[in-house]
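Down below is the structure, laid out as structure tokens.
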Amino acid sequence: MKISIKDITSLTDSSKKFTGICDIKDFSYLGSEFSINHVEPFEVVASMIGNGKLHITFATECTITGACDRCLAPVSFKVMISSDETVQVSDGEVVPDEELGPYSFIEGEDINIDELILNEILVNFPAKILCQDDCKGICPVCGKNRNTESCDCDDTVLDPRMAQFLDVFNSFKEVK
Ligand SMILES: [Zn+2]
Ligand SMILES: [Zn+2]
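Numbering of the sequence shown is given in the working numbering, commencing with residue 19 and proceeding in unit increments.
Right, dumping it as structure tokens:
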């Protein structure tokens, strides 16, 4: 959703509440695709806090679906959103800030709430997405999902980089 900056700067009372709407359905991050399945109902509170400063804040929780990092099974997870921004406004337009750079969430005379939501999702994104903590992943040899099927593949074949690391490790032990 977008909120017109003029709608806020023309306020006579101190703040205005808007029913929050998230218009993003999916996004990609680090080469993977994710869908936003659910966004908890939320309110955007916008206010003029003096000296031409516009303050905008909201909080919600998004339920996102993506693929497990190890076995690629679909996984749902929640990300907390808490946005709090202050921008300087003059004549109904946001004044660019040299330190904070151009604001990605300002589009002409509008504040793009979707952009703020996406920023927050990426900042609070889980480091690992796993279907279960001990997901066994996919067999690198035969491609079977090891959570549901077992295989007799020889997985002692080391990644060449790992083998190199072990060589260094062993020579280190010998010196000692
Ligand atoms: Zn998994
Ligand atoms: Zn296998």
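For each residue, glycine too, the CB sits at the ideal point set by N, CA and C.
All of these numbers come straight from a predicted model, not from anything done at the bench.
Mind checking which residues open and close the beta strand (DSSP E) that includes residue 130?
Reading the sequence shown from its first residue, position 112 is the one you call residue 130. Segment 128-130, the beta strand (DSSP E) holding residue 130.
When DSSP labels each residue in this structure, what does residue 20 get in the three-state scheme?
Reading the sequence shown from its first residue, position 2 is the one you call residue 20. Here residue 20 sits in strand by DSSP.
Measure how close the beta-carbons of residue 112 and residue 124 come, nearest whole angstrom, since I'm counting them as under 8 Å.
Locating residue 112 in the sequence shown gives position 94, where the first residue counts as 1. Locating residue 124 in the sequence shown gives position 106, where the first residue counts as 1. About 5 Å separates the two Cβ atoms, so the contact holds.
Any idea which residues DSSP pairs residue 163 with across the strands?
Translated into the one-based positions of the sequence shown, residue 163 becomes position 145. Partner(s): 156.
Who are the Cβ neighbours of residue 133 in its own chain at under 7 Å, not counting the five residues just before and after it?
The residue given as residue 133 occupies position 115 in the sequence shown. The residues are 122 and 123.
Leaving out the 5 sequence neighbours to the left and right, which residues in its chain are closer than 8 Å to residue 93 when beta-carbon positions are compared?
Within the sequence shown, residue 93 is the residue found at index 75, counting from 1. The residues are 83, 84, 85, 86, 147, 148 and 149.
In this structure, how does DSSP classify residue 95 when only helix, strand and coil are distinguished?
The residue given as residue 95 occupies position 77 in the sequence shown. In the structure shown, residue 95 sits in a strand (DSSP, three-state: E or B).
Using the three-state DSSP reduction, which class does residue 6 fall into: helix, strand or coil?
With the chain represented from 19 up to 194, any question about residue 6 goes unanswered, as that position is not in the structure.
Among 104, 44, 40 and 103, nearest to residue 79 - alpha-carbon criterion
Mapped onto the sequence shown, residue 79 falls at position 61. Cα-wise, what sits closest to residue 79 is 40.
Any residue with its Cβ nearer than 7 Å to a heavy atom of ligand 1 should be included. What is that list in chain order?
86, 88, 89, 91, 148, 149, 150, 153, 155 and 165
Could you tell me the distance, in whole angstroms, from the CA atom of residue 25 to the CA atom of residue 120?
If you number the sequence shown from 1, residue 25 lands on position 7. If you number the sequence shown from 1, residue 120 lands on position 102. Spanning the two alpha carbons is a distance of roughly 21 Å.
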